[in-house]
Each structure stands twice: as structure tokens, then as C-alpha cells.
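J.: After the C-alpha cells below, expect a handful of questions from me.
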Amino acid sequence: MVVYNVYLFFSIFLVFFSSNWFFIWVCLELSTLSLVVLLSYYRTPRSTEATVKYFIVQAVAGVVLLLGILVRCFSLNVGFSLFESYSGFSYMLILTGLFVKIAVVPNPFWFVDVVGGLSLVRGFYVVVVSKIVPVYLYSLVVSDLFYWVFVLVGLSSSFFGTVFGVNQTSLRKIISLSSVSHLGWMVVSFSVLSFYECFFVFLLYVVMVLPLFVVGHYWVVNNVGKVGNLYHNFFVVLVLLVSLLSLAGFPPLIGFFYKWVMFFGLVMSGSYLVSGVLVMFSLVSLYFYLLVCYNLYGLYLPNLKYNVFDSYFLSVKGLLLVVSSFIVVVVFIFYVGPVFVFLFV
């Protein structure tokens with residue numbers, strides 16, 4: 114496994130130092146092949162099915178992406194340079210290939226099924242590692258000329274992740290559906306953000322989902338409604354609760370700052386309606402995330418609930434935490450957010 118991990122990260126690393134579309138495509142497919150080997154290392158019928166689906170989808174997306182690259186190269190006679198002009202048809206083919214690899218509309222269904230059939234360690238490869246290069250390429254080729262295409266794809270993806278996430282208790286499905294929803298935000302906002310802001314947003318996304326994979330793997334949490342093995346481990350439950358609330362964008366957690374940067378960029382570009390619709394979807398997702406957290410804390414840890422809130426010391430600490438959190442949110446909204454956006458625009 115070490116060898117294939119080296120191949121994987123080396124092929125990803127090479128992409129950042131190339132501006133040749135064909136070389137980038139070769140590295141992208143090499144990383145896909147390395148991922149397929151890593152996903153199939155420990156075989157079960159369910160994981161084998163998920164790996165085969167992942168390979169087929171990535172192969173189709175790779176063919177569409179290569180077709181767009183070749184059409185652009187020979188129709189415009191611009192070679193394989195990443196930063197030259199694009200024709201409308203070749204640009205849409207390239208975008209379609211990248212969107213399938215990122216797992217947003219037009220086809221996010223494969224992603225939920227694949228992540229649901231893998232262990233959480235291998236799910237991390239699919240949810241995070243496999244998206245590094247496609248998201249990076251998308252941030253480079255995104256254009257204002259096709260803004261409404263990005264709006265349609267982004268809003269549809271956010272809607273899909275929100276609606277299908279309602280009443281989910283499977284940790285894998287929660288992670289995969291929230292990933293589709295968050296990437297919908299990225300698809301819309303990357304067209305109005307600078308490259309460094311895009312990098313910052315994706316980094317926050319990785320930091321936000323990483324604790325869920327760690328807790329789920331080491332404490333064998335497959336369903337957030339069945340956490341009997343965490344009954345006496347308050348710290349792990351706290352990490353799980355905070356991570357879920359962060360995915361929902363609950364202030365003052367990372368997920369709130371992450372969405373605030375994108376929301377502020379959309380508002381500053383005049384996309385009031387789009388940003389309002391995204392916020393409405395976030396409110397719906399916040400509702401069912403709060404339900405999951407309530408069931409996790411209130412129903413399965415009843416004794417811990419009374420022990421925590423009956424303590425005067427902890428209640429004072431809680432009050433201080435609420436006050437300090439409010440101050441942090443206010444400072445970020447009215448100072449850090451605007452400064453960050455204007456600094457990189």
C-alpha cells in the first residue's frame with residue numbers, strides 16, 4: 114500500500130507544476146489507477162462493487178475530459194496549454210468531465226453509493242484525496258462567461274445534498290451528501306473568488322471533514338444513532354457533535370467561516386439571489402443536523418446530560434464560551450471576512 118500511496122501523491126504533486134493539459138490528464142488518470150488499487154486492497158463484496166463503480170465512472174469522466182482537451186487543441190490550434198482560450202463546446206466537455214470527477218450534478222449519485230460501500234479510511238481517499246486535482250483544475254479554468262452554468266450546477270448539487278441528507282443517520286451517507294452540498298457551494302463561488310480564496314476554502318473543507326473520518330474509523334462509528342461504544346467517552350462524542358455542527362455551518366465553527374467566505378464573495382459580486390438560495394438550503398441542512406445531534410446527545414447520553422449541566426463550574430465555562438464565540442463571529446463577519454476577501458481579489 115505504501116508504494117501506491119507514493120504513486121498517488123506523486124501524481125497529484127506533479128499536476129501543480131504543469132500547465133500542459135495532456136500531461137495533467139495523464140497524471141490525473143495515474144492517480145485514479147492508484148486510488149482503485151488502494152480501494153480494492155481489502156476486498157469484501159460491497160467494497161468490490163463500490164470500487165468497480167468508482168473505476169467505471171472515473172474512466173468515463175476521463176474520456177470526456179480528454180475529448181474536450183483534444184477538441185480544444187485541434188479546433189482552436191492552441192496546443193495543450195492550460196491557460197489559452199477555449200471554445201464553447203470544448204469548454205463544456207472539460208467542465209462535464211471535471212464535474213463528474215468532483216461528484217456534483219449532473220451525476221452525484223455514484224459518489225454516495227461508492228462512499229457508502231467503503232470503509233471510512235478508503236472513503237477519505239474518495240471524499241478528499243480524489244478531488245484535489247479536479248477542484249484545482251476547476252479553480253483555474255472557471256470563467257465568468259459561463260456563470261449561470263455554474264449557478265445551475267452548484268444550486269442543484271446543494272439541493273441534492275440537502276434533500277437526500279434529511280433523516281440520514283449513516284455516517285458515510287452524511288459525509289458523502291454533505292460533500293456534494295459543500296462542493297455545490299464551491300462550484301458557484303469559485304467563479305467570483307480568487308485562486309487563493311479557493312485554496313483557503315478547500316483547505317477548510319478538508320479540516321472540517323477530517324475529524325469525522327478519524328472518529329468513525331478508530332471508534333467504529335457507522336451510524337450516528339448507535340453510539341453505545343462511546344457512552345463513557347465524552348471527548349469523542351464532543352468531537353463528533355462539533356464536526357456535525359461544523360458541516361451544518363453552525364457558528365462559530367469552521368463550517369460557518371468556510372461558508373461565510375463564499376457567501377461574502379457572492380454578495381460582493383452582486384449575486385444576492387444565488388447567495389440567498391444557498392443560505393436557505395443551509396438552513397434546511399442545519400435543521401436535520403441539529404436533529405441528528407439532539408438524538409446523539411439527548412437520547413443516548415442521558416446521564417451525561419444531567420452531569421454536565423448540573424455543575425455550576427461547567428455552566429460558567431459554558432456561558433464564557435457562548436460570549437467568546439459571539440465575539441469571534443462578530444469580529445469575523447465585520448472585519449476578518451471583508452479584509453480577507455479584499456486582500457485576495
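Residues in the sequence shown are numbered from 114 upward in steps of one, following the working numbering. Ideal Cβ placement from N, Cα and C applies to all residues, glycine included.
(1) Under the rule that 16 or more other beta-carbon atoms within 10 Å means buried, what is E310, buried or exposed?
(2) How long is the line joining the alpha carbons of V234 and Q171, rounded to whole angstroms?
(3) When DSSP labels each residue in this structure, what does S132 get in the three-state scheme?
(4) Assign W261 to buried or exposed, taking buried as 16 or more other Cβ atoms, counted over all protein chains shown, within 10 Å of its Cβ.
(5) Where does N336 sit, in a helix, a strand or coil, going by DSSP?
(6) State the Cα-Cα distance for the pair S428 and T282, rounded to the nearest angstrom.
(7) L403 CB to nearest chain C CB: under 8 Å?
(8) Determine the direct distance from the alpha carbon of V239 to that of I137, and round the result to whole angstroms.
(9) Between which two residues does the alpha helix (DSSP H) harbouring D226 extend?
(10) Only counting the same chain, and skipping five residues up and downstream in sequence, which positions put a Cβ closer than 7 Å to that of Y371?
(11) Exposed or buried, S198, counting other C-beta atoms within 10 Å across all chains shown (16 or more means buried)?
(12) Using 8 Å as the Cβ pair cut-off and three pairs as the minimum, do the stretch 173-181 and the stretch 117-124 touch?
(13) Can you tell me the Cα-Cα spacing of P158 and N280, whole angstroms?
(14) Closer than 7 Å by C-beta to C186: which residues in its own chain qualify, once you throw out the five before and the five after it? Chain order, please.
(15) Can you have a look at I215 and say buried or exposed, based on whether 16 or more other CB atoms are within 10 angstroms of its CB?
(16) Rounded to whole angstroms, how far is the Cβ of V217 from the Cβ of G278, which I believe are closer than 8 Å?
(17) In the DSSP assignment, the alpha helix (DSSP H) including Y238 goes from what residue to what residue?
(18) Can the beta-carbon of G368 be found less than 8 Å from the beta-carbon of R285?
(19) Can you list, in chain order, the stretches of the beta strand (DSSP E) that have 3 or more residues and sit fully within the stretch 298-334?
(20) Pull up the CB-CB distance for F376 and L399, whole angstroms please, since I reckon it's below 8 Å.
(21) Residues in its own chain within less than 6 Å of V128 by CB, not counting five upstream and five downstream?
(22) Am I right that V254 and I207 are in contact with their C-beta atoms under 8 Å? What's the rounded C-beta distance?
(23) Who are the near neighbours of Y331 in its chain, counting only those whose CB is closer than 7 Å to its CB and skipping five residues on each side?
(24) Give me the Cα-Cα distance between L211 and V334, rounded to the nearest whole angstrom.
(25) Could you compute how far the alpha carbon of L353 sits from the alpha carbon of N133?
(26) Run through the DSSP bridge pairs and tell me what L194 is partnered with.
(27) Which residue marks the beginning of the alpha helix (DSSP H) containing G267, and which one marks its end?
(28) Output the boundary residues of the alpha helix (DSSP H) element that contains S395.
(29) Ignore the nearest five residues each way along the sequence and tell me which others in F263's own chain have a CB closer than 8 Å to its CB.
(30) Assuming the contact rule is C-beta atoms closer than 8 Å, F168 and F272 should be a hit. Round their C-beta distance to whole Å, please.
(31) Which residues does DSSP pair with S356 in a beta bridge?
(32) Using the rule of at least 16 other Cβ atoms within 10 Å of the residue's Cβ for burial, across every protein chain shown, is P219 buried or exposed?
(33) Identify whether S283 lies in helix, strand or coil by the three-state DSSP scheme.
(34) Answer with buried or exposed for F123, where buried requires no fewer than 16 other C-beta atoms within 10 angstroms of its C-beta.
T.: To lay it out plainly:
(1) buried
(2) 20 Å
(3) coil
(4) exposed
(5) strand
(6) Residue placement at S428 cannot be trusted, given a pLDDT of 48 that sits under 50; what the coordinates show is reported in the next sentence. One C-alpha to the other measures close to 30 Å.
(7) No chain C is part of this structure, which consists of one protein chain only.
(8) 19 Å
(9) F222 to G229
(10) V314, L317, Y318 and M321
(11) exposed
(12) no
(13) 27 Å
(14) G192 and F193
(15) buried
(16) Wrong, their Cβ atoms sit about 15 Å apart, outside the cutoff.
(17) L233 to V240
(18) no
(19) none
(20) Not a contact, Cβ separation roughly 14 Å.
(21) I137, C140 and V246
(22) 7 Å
(23) none
(24) 32 Å
(25) 42 Å
(26) In the sequence as presented, Leu is not what sits at residue 194; that position holds Ser. DSSP, once it has assigned bridges, lists N133 as partnering S194.
(27) Y260 to G278
(28) Y385 to Y407
(29) V255, V300, V301, F303 and S304
(30) So it is not a contact: roughly 28 Å between Cβ atoms.
(31) Looking at the DSSP assignment, S356 forms no beta bridge with any residue, so it has no partner.
(32) exposed
(33) strand
(34) exposed
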